[in-house]
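J.: Numbering (the numbering used here), first residue to last: 5 to 373.
#1: If we require 4 or more residues per run, which alpha helix (DSSP H) segments fall completely within the region 21-46?
#2: For residue 71, I'd like the list of residues in its chain whose CB is within less than 7 Å of its CB, leaving aside the five on either flank, ordered along the chain.
#3: Taking residue 332 as the reference, give the member of 93, 87 and 112 with the closest Cα.
#4: Helix, strand or coil: how does DSSP classify residue 342 here?
#5: Going by CA-CA distance only, name the one from 154, 246 and 268 that's closest to residue 173.
#6: What residue from 194, 33, 197 and 204 has the CA that sits closest to residue 162's CA?
#7: Have a look at 131, 327, 56 and 152 and flag the residue whose alpha-carbon is nearest the alpha-carbon of residue 340.
#8: From residue 275 to residue 148, what distance separates their C-alpha atoms?
#9: Cα separation between residue 47 and residue 272?
#10: Report the CB separation of residue 100 from residue 141 in whole angstroms; it is logged as a contact under 8 Å.
#11: Below 8 Å on the Cβ atoms is my guess for residue 282 versus residue 246; work out the distance and round it to an integer in Å.
#12: Residues in its own chain within less than 7 Å of residue 53 by CB, not counting five upstream and five downstream?
#13: What ranges does the beta strand (DSSP E) occupy inside the region 225-311, keeping only unbroken runs of at least 3 residues that lie completely in it?
#14: Quick one: any contact between the region 9-18 and the region 210-219, if contact means 3 or more CB pairs under 8 Å?
#15: Pull up the DSSP beta-bridge partners for residue 171, would you.
#16: Since residue 213 sits in a beta bridge, which residues does DSSP pair it with?
#17: May I ask you to report which of helix, strand or coil DSSP gives residue 331?
#18: Would you say the region 221-234 touches the region 252-261, given that touching needs at least three Cβ pairs under 8 Å?
#19: Starting from residue 138, follow the alpha helix (DSSP H) in both directions and report where the run begins and ends.
#20: Kindly list the residues whose CB is nearer than 6 Å to the CB of residue 131, restricted to its own chain and excluding five residues on each side of it in sequence; keep chain order.
#21: At which residues does the beta strand (DSSP E) containing residue 198 begin and terminate?
#22: Is it the case that the Cβ atoms of residue 106 and residue 346 are separated by a distance below 8 Å?
#23: If I'm right that residue 235 touches residue 181 with Cβ under 8 Å, what's the distance once you round it to whole angstroms?
#24: When the Cα of residue 303 is compared with those of 241, 110 and 138, which residue comes out closest?
#25: Within this structure, are the beta carbons of residue 116 and residue 150 separated by less than 8 Å?
#26: So what does DSSP say about residue 157, is it helix, strand or coil?
#27: Measuring alpha carbon to alpha carbon, tell me which residue in 82, 86, 63 and 110 is nearest residue 95.
#28: Rounded to a whole number of angstroms, what is the C-alpha to C-alpha distance between residue 125 and residue 325?
#29: Within this structure, are the beta carbons of residue 254 and residue 279 separated by less than 8 Å?
#30: Run through the DSSP bridge pairs and tell me what residue 374 is partnered with.
#31: Considering residue 87, what are the terminal residues of the alpha helix (DSSP H) in which it resides?
#32: What does the alpha-carbon distance come out to for the pair residue 85 and residue 98?
#33: To the nearest angstrom, how far is it from the Cα of residue 45 to the Cα of residue 301?
#34: Could you work out which residue in 329, 19 and 197 is closest to residue 1 when comparing CA atoms only?
#35: I'd like the span of the alpha helix (DSSP H) that includes residue 100, first residue to last.
Encoded structure:
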């Protein structure tokens with residue numbers, strides 16, 4: 005028999021790696037309130053709906069990137085029009101000071117970004133400095149994430165040995181649309197880095213950007229690729245384009261809050277155990293839009309005044325939003341349902357919050373056994 009109108013012909017909450025684009029498109033086509041209800045149901049099955057991870061992202065090496073990403077102000081290709089000057093890699097003490105401020109403000113994960121094609125592009129001394137930063141921030145009791153461009157297995161292993169929690173390497177968009185985003189690398193390059201990170205035992209942080217000129221089918225295709233990876237990413241950032249003056253996309257329209265809600269809801273359904281991060285572009289969203297995102301399954305945000313080179317919500321606004329919605333922060337190293345041992349809490353002294361998180365993880369695993 006045919007499914008009732010508005011229903012979906014597959015099990016909600018199933019952890020799968022065989023999604024088709026048609027199935028993900030079917031989710032995208034759901035009436036928004038039905039979609040949010042389904043996503044919220046899945047979210048509550050696997051996660052504490054009040055808990056939202058607070059992360060801080062710092063650009064430790066800004067500008068001068070040889071890549072040609074047409075949304076990014078840090079590409080040297082647009083330096084004449086963006087007027088963004090290339091800066092040197094930050095000193096270790098300056099990064100540690102920023103991490104301390106982030107921790108004091110409530111962040112439990114500190115993310116470091118460099119405008120590199122990858123560590124192979126720069127001298128050994130600069131990569132060694134990033135490894136030292138990683139060890140030092142980890143020793144502060146914070147989760148550590150890095151986004152340094154393309155990695156090979158040896159470089160990923162060095163980061164793992166330094167204590168890196170997760171590595172961010174976004175796919176940005178669908179395989180079909182990707183050639184319109186950049187000409188300096190291909191989709192396979194992205195997937196190879198993700199594989200190297202996963203093989204080194206580091207949790208994968210991988211998502212995309214809405215508003216690059218793609219259509220809804222591209223958005224569905226991106227989420228299909230992510231959900232069909234050998235392991236679902238530990239975290240999936242959903243970004244909204246923040247158009248930057250001087251880049252090829254400077255006149256593009258920012259995605260609406262409801263477009264973000266829809267993408268987050270679909271991400272939550274196809275990757276039930278993953279942390280879904282409401283990332284760039286949140287500064288343009290109303291508190292109500294953000295609340296719908298949390299209802300639909302977002303359980304992580306970036307805090308701090310800037311995200312690399314784009315503006316972000318003020319700390320006071322975020323504190324008020326968390327209070328108004330009754331949300332609480334996620335402790336560092338609480339076990340994750342997706343990802344590798346680098347972020348599941350098993351390698352750290354066991355605190356009360358980790359024990360509680362581990363108990364929730366065990367119960368969620370039993371429910372899906």
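Beta carbons: idealized from backbone N, C-alpha and C, even for Gly.
Since the structure is predicted, the reported quantities are computational estimates derived from the model, not experimental observations.
T.: Once the coordinates are examined:
#1: If you keep only unbroken alpha helix (DSSP H) runs of at least 4 residues inside the region 21-46, you get 25-32.
#2: Locating residue 71 in the chain shown gives position 67, counting from the first residue. Excluding sequence positions up to five before and after residue 71, its CB lies within less than 7 Å of the CB of 79, 121, 186, 188 and 189, all in the same chain and listed in chain order.
#3: Taking the first residue of the chain shown as 1, we reach residue 332 at position 328. Cα-wise, what sits closest to residue 332 is 112.
#4: As a position in the chain shown, residue 342 is number 338, starting the count at 1. Of the three classes helix, strand and coil, the one that applies to residue 342 here is coil, per DSSP.
#5: Locating residue 173 in the chain shown gives position 169, counting from the first residue. Of the listed residues, the one whose Cα sits closest to residue 173 is 154.
#6: Numbered from its first residue, the chain shown carries residue 162 at position 158. When each option's Cα is compared against that of residue 162, the closest is 204.
#7: Numbered from 1 along the chain shown, position 336 holds the residue referred to as residue 340. Checked all of 131, 327, 56 and 152; the closest Cα to residue 340 is 56.
#8: As a working note, residue 275 is residue 271 in the chain shown. As a working note, residue 148 is residue 144 in the chain shown. Distance from the CA of residue 275 to the CA of residue 148, rounded to the nearest whole angstrom, comes to 22 Å.
#9: If you number the chain shown from 1, residue 47 lands on position 43. If you number the chain shown from 1, residue 272 lands on position 268. Roughly 7 Å between the two C-alpha positions.
#10: Position 96 of the chain shown, counting from 1, holds the residue named residue 100. Position 137 of the chain shown, counting from 1, holds the residue named residue 141. With a Cβ gap of about 7 Å, residue 100 and residue 141 count as contacting.
#11: As a first step, residue 282 must be located in the chain shown, where it is residue number 278. As a first step, residue 246 must be located in the chain shown, where it is residue number 242. For a cut-off of 8 Å, the C-beta gap from residue 282 to residue 246 is around 13 Å, too long to register as a contact.
#12: Along the chain shown, one-based indexing puts residue 53 at 49. Spatial neighbours of residue 53 in its own chain (CB-CB distance under 7 Å, excluding positions within 5 residues in sequence) are listed in chain order as 47.
#13: 239-244, 279-282 and 302-307
#14: no
#15: As a first step, residue 171 is located in the chain shown; it is residue number 167 there, counting from the start. Paired residues: 150 and 208.
#16: Stepping through the chain shown from its first residue, residue 213 is reached at position 209. In DSSP, residue 213 forms a bridge with 243.
#17: As a position in the chain shown, residue 331 is number 327, starting the count at 1. Here residue 331 sits in coil by DSSP.
#18: no
#19: For the purposes of this step, residue 138 is identified with residue 134 of the chain shown, where counting begins at 1. Residue 138: member of the alpha helix (DSSP H) spanning 128-143, first to last residue.
#20: Sequence index remark: in the chain shown, residue 131 carries index 127 (1-based). Hits under 6 Å: 123.
#21: The residue labelled residue 198 in the question sits at position 194 within the chain shown. Unbroken run through residue 198 is the alpha helix (DSSP H), 191-203; no beta strand (DSSP E).
#22: For the purposes of this step, residue 106 is taken as residue 102 along the chain shown, with counting starting at 1. For the purposes of this step, residue 346 is taken as residue 342 along the chain shown, with counting starting at 1. No.
#23: On the chain shown, residue 235 is found 231 positions in, with the first residue counted as 1. On the chain shown, residue 181 is found 177 positions in, with the first residue counted as 1. Actually they are not in contact, since the Cβ atoms of residue 235 and residue 181 sit about 24 Å apart, beyond 8 Å.
#24: By 1-based counting over the chain shown, the position of residue 303 is 299. The residue with the shortest Cα to Cα distance from residue 303 is 241.
#25: As a first step, residue 116 is located in the chain shown; it is residue number 112 there, counting from the start. As a first step, residue 150 is located in the chain shown; it is residue number 146 there, counting from the start. Yes, Cβ-Cβ distance for residue 116 and residue 150 is below 8 Å.
#26: Your numbering for residue 157 matches position 153 in the chain shown. In the structure shown, residue 157 sits in a helix (DSSP, three-state: H, G or I).
#27: Walking along the chain shown from the start, residue 95 turns up at place 91. When each option's Cα is compared against that of residue 95, the closest is 63.
#28: Position 121 of the chain shown, counted from the first residue, corresponds to residue 125. Position 321 of the chain shown, counted from the first residue, corresponds to residue 325. Between residue 125 and residue 325, the C-alpha separation is close to 41 Å.
#29: Walking along the chain shown from the start, residue 254 turns up at place 250. Walking along the chain shown from the start, residue 279 turns up at place 275. Not closer than 8 Å, so no.
#30: Past the boundaries of the shown model lies residue 374; the chain is included only from 5 to 373, so the question cannot be answered.
#31: In the chain shown, the residue the question calls residue 87 occupies position 83. Unbroken run through residue 87: none, as it is neither H nor E.
#32: The count along the chain shown starts at 1 and reaches residue 85 at position 81. The count along the chain shown starts at 1 and reaches residue 98 at position 94. For residue 85 and residue 98, the distance between alpha carbons rounds to 29 Å.
#33: Taking the chain shown and counting its residues from 1, one reaches residue 45 at position 41. Taking the chain shown and counting its residues from 1, one reaches residue 301 at position 297. The straight-line gap from Cα to Cα measures roughly 9 Å.
#34: Limits of the chain in this structure are 5 at one end and 373 at the other, which puts residue 1 out of reach.
#35: As a first step, residue 100 is located in the chain shown; it is residue number 96 there, counting from the start. That run of the alpha helix (DSSP H) goes 96-108.
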